[in-house]
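4 protein chains.
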Amino acid sequence: MSENITVAGLVATPIKHTVTAEGLEISSFRLASTSRRYDAASKAWVDGETNWFTVTAFRHLAANVHASLDKGHRVVVAGRLRVREWRNGEQLGRDVEVVADALGPDLAWGRAQYTRTPRRIA
Amino acid sequence: MSENITVAGLVATPIKHTVTAEGLEISSFRLASTSRRYDAASKAWVDGETNWFTVTAFRHLAANVHASLDKGHRVVVAGRLRVREWRNGEQLGRDVEVVADALGPDLAWGRAQYTRTPRRIA
Amino acid sequence: MSENITVAGLVATPIKHTVTAEGLEISSFRLASTSRRYDAASKAWVDGETNWFTVTAFRHLAANVHASLDKGHRVVVAGRLRVREWRNGEQLGRDVEVVADALGPDLAWGRAQYTRTPRRIA
Amino acid sequence: MSENITVAGLVATPIKHTVTAEGLEISSFRLASTSRRYDAASKAWVDGETNWFTVTAFRHLAANVHASLDKGHRVVVAGRLRVREWRNGEQLGRDVEVVADALGPDLAWGRAQYTRTPRRIA
């Protein structure tokens, strides 16, 4: 199974935008999502822990992410989760990535002026 | 369990915006989501069936949905699914609703100019 | 987009099991899922509303659902949501279905003795 | 937002079961989930990459996981995703955990004999 995931959170870095030699557009950024939990002791909702993700977008979506988003924006991202292990010499690491299928600025935190753009062939 | 659901699709009606006597803002619209499926016969991806939802937003999110969205826009919505049965005399019906927690114009289909708005107490 | 959904709830009807003329096995049942919500007035978690679904399984999964599950069991179901409108003469209706990809008895409510079965070609 | 996630995959380690000094039961195991993707070149569905998770269950669910599951079983898990960073001297790492809310042996891969167990107060 491919793990579908939806994350709402804060764009925590500038958008990194690249175009490969083959002309493939890629945008990526770090996203911080802080859950809210009910605290039985204080009988109030409080900030819980924060999950960090690398969000990656390709092609048409990458171009529009680059043109529309910035550090500090609130977004909602729907995509597929990828957990990747890597080795760099002695160093072992693990990346947690969301490959975005749909992505937009979150209207729970702001307003947006939206313009449809022509879609090239996917 | 509360059923969390994420839908990406087309805003198919104008935004209906109301304020209750108690001052609660509510925005709602109909959302059409058409899946894509791989057709073995034609060996191509084709349009599948369409799911229809009523999307409902409250408070701050309702105000920003009203100010930002319109019929024909593409959006991504994360929320909780509600399946409700109703009776109207002889008539029985069933409504399928998504109560939105996060919602934005989908950058897979367009660009957005986003402005953070001050949040009143939730 | 195809709406992925996960539901944990109660099997509310006997399992209906059929085999089509082409030899396709199908199992289906009604599933009731009751959410829990925090009630600010009583400062306690209480039962919320109930969502009803028709769960449908095909092929190998259908055979094992038929052999393993019964009314009154608690299950967890992961699949794709289908909202279908139908007309029967004057009557219009709407069905809310989950086409199951993965499905099992919920260990949050009981124990299970599990045996892997050989898989025919999907 | 808390990231809800559903994973179907293979139990890749024996179940680790502990009881804290306070009497809290905890069960955990490693879960491997391999996605399937359509390969345009060979025009066939092929194995994609594998996501690895640590699945953790508490209390009643932990007891039933311990009594019911084993390495090699196929399961479906619904829960909340936690991405945690840790430091051990020079070493930095990242854990990807699913805290299970509902969890069962997957009937897509086998049969189960299920017995409801009395629930202690959650």
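Chains as they are written, first to last, in the numbering used here: chain A, 7 to 128; chain H, 7 to 128; chain R, 7 to 128; chain D, 7 to 128.
Note that the Cβ used here is the ideal one computed from N, Cα and C, for glycine as well.
The structure presented is a predicted model; accordingly, all values stated were derived computationally and were not measured.
Along the stretch 35-57 of chain A, none of the residues has a CB nearer than 7 Å to a CB of chain H. Contacts between Thr121/R and chain D, judged by CB atoms closer than 8 Å, involve Gly116, Arg117, Ala118 in chain order.
Arg42/H and Ile32/D have their C-alpha atoms roughly 41 Å apart. Each residue's CA atom was taken as its position, placing Arg122/R and Leu30/D some 31 Å apart. For Val13/D, same chain residues with a beta-carbon under 7 Å away, outside a window of 5 residues either side, are Leu37, Ser39, Phe59, Val83, Val104 in chain order.
Against chain H, the CB of Val13/R has a partner CB under 8 Å away; the residue lies at that interface. Shown here, Ala73/A sits in a helix according to DSSP, grouped into three states. In the DSSP annotation of this structure, the continuous segment of the beta strand (DSSP E) that includes Trp58/D starts and ends at 50-64. With fewer than three CB-CB distances shorter than 8 Å, the stretch 88-101 of chain H does not count as touching the stretch 80-96 of chain A. Contacts with chain A at 8 Å (Cβ-Cβ) do not include Pro20/H. Val71/H is the residue among Phe35/H, Ala50/H, Val71/H, Asp53/H whose C-alpha sits nearest the C-alpha of Tyr120/A. Your pair Arg80/A and Pro124/A does not check out as a contact, with CB atoms roughly 27 Å apart and the cut at 8 Å. Looking from the CA of Lys77/R, the closest CA among Asn10/R, Ala27/R, Val17/R belongs to Val17/R. Each residue's CA atom was taken as its position, placing Ser74/A and Arg117/H some 6 Å apart. A direct Cα-to-Cα measurement between Ser8/H and Thr26/H gives close to 26 Å. In this structure, the CA atom of Thr56/A is about 19 Å from the CA atom of Ala114/A. For Gly15/D, the uninterrupted beta strand (DSSP E) segment begins and ends at 10-17. Under a criterion of Cβ atoms nearer than 8 Å, the residues of chain A adjacent to Val89/D are, in order, Asn57, Trp58, Phe59, Val102. By the neighbour-count definition (other C-beta atoms within 10 Å, threshold 16), Ala47/A is an exposed residue. Only buried fits Leu109/R, as 16 or more other CB atoms lie within 10 angstroms of its CB. Around the beta carbon of Ala50/H, fewer than 16 other beta carbons lie within 10 angstroms, which makes this residue exposed. Beta-bridge pairing by DSSP links Glu31/H to Val25/H. Here Gly99/A has Trp92 as same chain residues with Cβ atoms under 6 Å from its own Cβ, once five neighbours each way along the sequence are excluded. Note: Thr40/A is bridge-paired with Thr56/A in the DSSP secondary-structure output. Annotated as distal: Asp107/A and Arg90/A, with beta-carbon spacing of 8 Å or more.
Per DSSP, reduced to three states, the secondary structure at Leu113/H is coil, with no helix or strand assignment. For the C-beta of Ser74/D, not a single chain A residue is nearer than 8 Å; the gap to the nearest is close to 21 Å. Here the alpha carbons of Thr24/R and Ala63/A stand approximately 43 Å from one another.
Assignment of Ala68/H by DSSP, reduced to helix, strand and coil, places it in the helix class. Inter-residue distance for Ile11/R and Glu28/H is about 34 Å (C-alpha atoms, whole angstroms). For Gly85/D, not one C-beta of chain A is nearer than 8 Å to its own C-beta. Going by DSSP, Arg125/R is part of no beta strand (DSSP E) at all; its letter is neither H nor E.
Per DSSP, the unbroken beta strand (DSSP E) holding Glu91/R starts and ends at 80-94.
Residue state for Ala106/H is assigned as strand, using DSSP reduced to three classes.
Relative to the Cα of Arg65/D, the nearest Cα in the group Ser34/D, Val52/D, Gly54/D belongs to Ser34/D.
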